[in-house]
Amino acid sequence: MTPFEYMQSLAEMWGRSGKDLTAAQQDMFADMARRMAEGAGRQTGSAPAGFFQPQDLASSNEAFAALWKSALGLSQSITRTMEQGKKPDPLVTELMSKLFDPRAWFSSLGGMDEALQRMAEGPRLADLWDTERKLLNVFNAWTALRRRSIEHNTVMLEAWMRATGAFAKTLNDKADRKEPLGSWREVLALWVETANTALLETQRSEKYLHSQREILKASTDLRLAQQELAAFYSEVFGYPTRAELDDVHRTVTELRRELRALERANREATTRKARERRRKPTKPIEAQTGA
Amino acid sequence: MADQGMPIKVKPEQAMREAASLAEKIARGTELFSKLRDEEVTIATTPKDEVWRQDKVTLHHYRPLTEKKVSTPVLIVYGLIGRYTMADLQEDRSLVRNLLNLGVDLYVVDWGSPSRADRWLTLDDYIDGYLAECVWFISQQHAIDKVSLLGICEGGVFTTCHAALHPDMVKTLVLTITPIDFHGDTVENRLGHGFINIWTRSLEPEDIDRLIEAYGNLPGEFMGSVFSMMTPMRTLMKYNLDMLEVMDDEKKFLNFLRMEKWIADRPHHPGEAAKQWLKDLYQGNKLIKNAFTINGRQVNLSNITMPVLNVFAKDDHIIPPATSQALGEKVGTRDYTELALPGGHVGVFVGGKSQALLGSGIAKWLAERQ
Numbered sequence: 587m588t589p590f591e592y593m594q595s596l597a598e599m600w601g602r603s604g605k606d607l608t609a610a611q612q613d614m615f616a617d618m619a620r621r622m623a624e625g626a627g628r629q630t631g632s633a634p635a636g637f638f639q640p641q642d643l644a645s646s647n648e649a650f651a652a653l654w655k656s657a658l659g660l661s662q663s664i665t666r667t668m669e670q671g672k673k674p675d676p677l678v679t680e681l682m683s684k685l686f687d688p689r690a691w692f693s694s695l696g697g698m699d700e701a702l703q704r705m706a707e708g709p710r711l712a713d714l715w716d717t718e719r720k721l722l723n724v725f726n727a728w729t730a731l732r733r734r735s736i737e738h739n740t741v742m743l744e745a746w747m748r749a750t751g752a753f754a755k756t757l758n759d760k761a762d763r764k765e766p767l768g769s770w771r772e773v774l775a776l777w778v779e780t781a782n783t784a785l786l787e788t789q790r791s792e793k794y795l796h797s798q799r800e801i802l803k804a805s806t807d808l809r810l811a812q813q814e815l816a817a818f819y820s821e822v823f824g825y826p827t828r829a830e831l832d833d834v835h836r837t838v839t840e841l842r843r844e845l846r847a848l849e850r851a852n853r854e855a856t857t858r859k860a861r862e863r864r865r866k867p868t869k870p871i872e873a874q875t876g877a
Numbered sequence: 034m035a036d037q038g039m040p041i042k043v044k045p046e047q048a049m050r051e052a053a054s055l056a057e058k059i060a061r062g063t064e065l066f067s068k069l070r071d072e073e074v075t076i077a078t079t080p081k082d083e084v085w086r087q088d089k090v091t092l093h094h095y096r097p098l099t100e101k102k103v104s105t106p107v108l109i110v111y112g113l114i115g116r117y118t119m120a121d122l123q124e125d126r127s128l129v130r131n132l133l134n135l136g137v138d139l140y141v142v143d144w145g146s147p148s149r150a151d152r153w154l155t156l157d158d159y160i161d162g163y164l165a166e167c168v169w170f171i172s173q174q175h176a177i178d179k180v181s182l183l184g185i186c187e188g189g190v191f192t193t194c195h196a197a198l199h200p201d202m203v204k205t206l207v208l209t210i211t212p213i214d215f216h217g218d219t220v221e222n223r224l225g226h227g228f229i230n231i232w233t234r235s236l237e238p239e240d241i242d243r244l245i246e247a248y249g250n251l252p253g254e255f256m257g258s259v260f261s262m263m264t265p266m267r268t269l270m271k272y273n274l275d276m277l278e279v280m281d282d283e284k285k286f287l288n289f290l291r292m293e294k295w296i297a298d299r300p301h302h303p304g305e306a307a308k309q310w311l312k313d314l315y316q317g318n319k320l321i322k323n324a325f326t327i328n329g330r331q332v333n334l335s336n337i338t339m340p341v342l343n344v345f346a347k348d349d350h351i352i353p354p355a356t357s358q359a360l361g362e363k364v365g366t367r368d369y370t371e372l373a374l375p376g377g378h379v380g381v382f383v384g385g386k387s388q389a390l391l392g393s394g395i396a397k398w399l400a401e402r403q
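Line by line, the protein sequences are chains A and L. Everything in the first sequence is counted per our numbering, starting at 587 for the first residue and increasing by one. Everything in the second sequence is counted per our numbering, starting at 34 for the first residue and increasing by one.
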């Protein structure tokens, strides 16, 4: 593996680690939501999903604590092994390879998508869960934006890696030709030019344009979800909502448009009349008064 | 270690000289930075008077600096992204002053600072509303039928449309750094050029609708960040390298700060107008196809029958030259002139090389057509 390929792998690992962290957080919430729904489902009465079930949350917490404890134990085992310089335990090796296997990470995301999307997009009831749905929309939008940001940062990291590789190559070529750079200013100028080219090339790539578009969509979705929630609370407290103000502004704009059109029509009519008067010859005063 | 084959060979005394020079620069620069006040950084200082106002739009008449040599008054029309003050950045870098000194009678329209209340304004309102009113006002003030227009960037699109719709009211049309063919970036396909064209084409129309729905307008900061993306390393180096280079020289540092003041003034672009700008023009490319409409009327470029001067910057990364030059084949006048100047999008107005060329080129062309 060349140093660049190594760095590329590192970049991929960083990107995936970030996604993994996000997914782990979502997984925890999804687990809570699932247990709450299951808890509601066990009851024969009309208690809807979403009611807080302390015993289920407690078991979730216990399961999470057990997982955390075993992860710590694993980490300590790895550290001890590495410190002693021994050949790694095959079990530890197998576990580590699973840790770094992206398929294991992405398999945890399905549960999040199902649980939270089901709650956000399921059938609406007229008088139940409306506020919760709005809150959930904000949460989903925020999570989606974070995910898109991580994806975009991965694209940018690849660009920086390419820039670094190209810079290193240029320096090596100069060294081979015995044309060393003679000042730090020259080194900086070379780095700026190399990095600029790599970044501009990245900007034109499908990957970059796609991730830009996804970030734009995710950020506007988040803003709209926040506005929907804000509108709800505005109505509760009796403040004008964004939509109401937009309505008023639209009316004012249209009225101004009509007023301008009327003023112009009036002005053009006046100008036309003035022109016509100038064209018509005026009668002598004697003829007008009949004197 | 042998020094043969080393890529970097900086002599210790060279390195120390560079470090010492840098330290001195930083010391002088820090002192200068602490002495300067924001009110000392002034732009658009050429004297003018407000002569007309409607809603947030104001029309200004510049006070003459010399005897009038071009009889028809000229109205400078900037766009809704940024402000016209770039054309009058400082005394020695001002298209406005250069034209005034060459005897041109000059007006400028300021679109104001649109807020969310202005989200429903369309390009029709600006072109056939406010701009038309400005033109009418100037013609009445001078008792003339026709006024000359000088459009800059998006303002050039406004004046182009106005000239096509009302050729009887326009004496001459000067366009600067104006896009006409919004897909013309694919002609040269230069690296680093035409990013806005590429970026808008990568979006779906509903992405733009949703963006405007979320923000009401096209936020000034949003366009600012798009412009910053177009020069990635320049943007990263601006406040360390670039500023370091000039901050020990008061004159150069003030030039830098004036540019910063103009860049920081980023009005929002009214939402409905932004939808037309991005969807109809950048995505749909309707202007060059004669498919763009204003108030239901088709903008037909062949109706531009007055003399046209089309100025563009040879290294313009925002409006690649081909996007401007496309106008030549579409206008209905034989008196069509192109003026290609050195520099970039803003550099053609504020750069040292173009100062002597832009103002004099425009004034001479205008004088020949009085």
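Beta carbons are placed, not taken as given, at the ideal position from N, Cα and C, and that holds for glycine.
Using three-state DSSP, classify R865/A as helix, strand or coil.
-> helix
Answer yes or no: do F228/L and M262/L have a C-beta to C-beta separation smaller than 9 Å?
-> yes
Whose CA, out of L776/A, D716/A, L774/A, Q798/A, lies closest to the CA of W232/L?
-> Q798/A
Taking Cβ-Cβ distances shorter than 7 Å, what residues in chain A pair up with Q358/L?
-> Within 7 Å Cβ-Cβ: nothing; Q358/L doesn't reach chain A, min ~22 Å.
Is L206/L near T192/L, with beta carbons less than 9 Å apart?
-> yes
Cα-Cα separation, D348/L to T783/A | 16 Å
Output yes or no for whether 9 Å exceeds the beta carbon distance between P106/L and L133/L.
-> no
Span of the beta strand (DSSP E) around I41/L | Neither: I41/L is in no beta strand (DSSP E) and is coded neither H nor E.
Under 9 Å between the Cβ atoms of A811/A and T827/A?
-> no
Whose C-alpha, out of L786/A, R842/A, K760/A, is nearest the C-alpha of A150/L?
-> R842/A
Proximity of G257/L and I213/L at Cβ, strictly below 9 Å = no
At a CB-CB cut-off below 9 Å, which residues of chain A make contact with A48/L?
-> S769, W770
Please determine, among W144/L, R291/L, D88/L, the residue with the shortest C-alpha to C-alpha distance to E72/L.
-> R291/L
Which one or two residues does DSSP pair with D121/L in a beta bridge?
-> S127/L
How close, in whole Å, do the beta carbons of V137/L and V110/L come, if the pair is a contact with beta carbons under 8 Å?
-> The pair is not a contact, with the Cβ atoms about 15 Å apart (cut-off 8 Å).
Which word fits I245/L, buried or exposed, when buried means at least 16 other C-beta atoms lie within 10 angstroms of its C-beta?
-> buried
Can you tell me the Cα-Cα spacing of G671/A and T756/A, whole angstroms?
-> Here the model assigns G671/A a pLDDT of 48, short of 50, so the residue's position is not dependable, and the following value carries that caveat. For G671/A and T756/A, the distance between alpha carbons rounds to 39 Å.
At a Cβ threshold of 9 Å, is E669/A touching chain L?
-> Only weak support is given to the placement of E669/A: the predicted model assigns it a pLDDT of 48, under 50, and the value that follows is read from those uncertain coordinates. Output row for E669/A: interface = no.
Could you pull out every residue in the same chain whose Cβ sits closer than 6 Å to the Cβ of F753/A, ignoring the five residues on either side in sequence?
-> W777, T780
Any 3 or more C-beta pairs closer than 8 Å across the stretch 375-388 of chain L and the stretch 331-346 of chain L = yes
Is A247/L closer than 9 Å to R809/A when the C-beta atoms are compared?
-> yes
Which residues in chain L sit within 7 Å of V773/A, going by Cβ to Cβ distance?
-> I41
Start and end of the alpha helix (DSSP H) containing E166/L?
-> 165-174
Is the shortest distance between the beta-carbon of P265/L and the beta-carbons of chain A less than 9 Å?
-> yes
The stretch 59-70 of chain L touching the stretch 274-292 of chain L, judged by at least three CB pairs closer than 8 Å | yes
List the DSSP bridge partners of Y369/L.
-> V341/L
In chain L, what lies closer than 8 Å to H835/A by C-beta?
-> R149, A150, D151, R152, W153
Cβ pair V407/L, D368/L closer than 9 Å | This structure does not reach residue 407/L, given that chain L is present from 34 up to 403, and the question cannot be answered.
Coarse secondary structure for K383/L, derived from DSSP in three states = Going by the sequence as given, residue 383/L is Val instead of Lys. Of the three classes helix, strand and coil, the one that applies to V383/L here is helix, per DSSP.
Across which residues does DSSP place A346/L in a beta bridge pair?
-> L374/L
Within 8 Å: the Cβ of P300/L and any heavy atom of the ligand ZN?
-> Summarising the ligand content, the structure contains no ligands, and the ligand ZN is consequently not present.
Three-state class that DSSP yields for F686/A in the structure shown = At F686/A the pLDDT is 43, less than 50, meaning the model places this residue with poor confidence and gives no usable figure here.
Which full runs of the alpha helix (DSSP H) of 4+ residues lie inside the stretch 755-794 of chain A, going along the chain?
-> 770-789
Please name the residue, chosen from E401/L, M266/L, I41/L, that lies closest to E765/A on a Cα-to-Cα basis.
-> I41/L
Does the beta-carbon of S54/L have 16 or more other beta-carbons within 10 angstroms, so that it is buried, or is it exposed?
-> exposed
Looking at the structure shown, is K81/L part of a helix, part of a strand, or coil, going by DSSP?
-> strand
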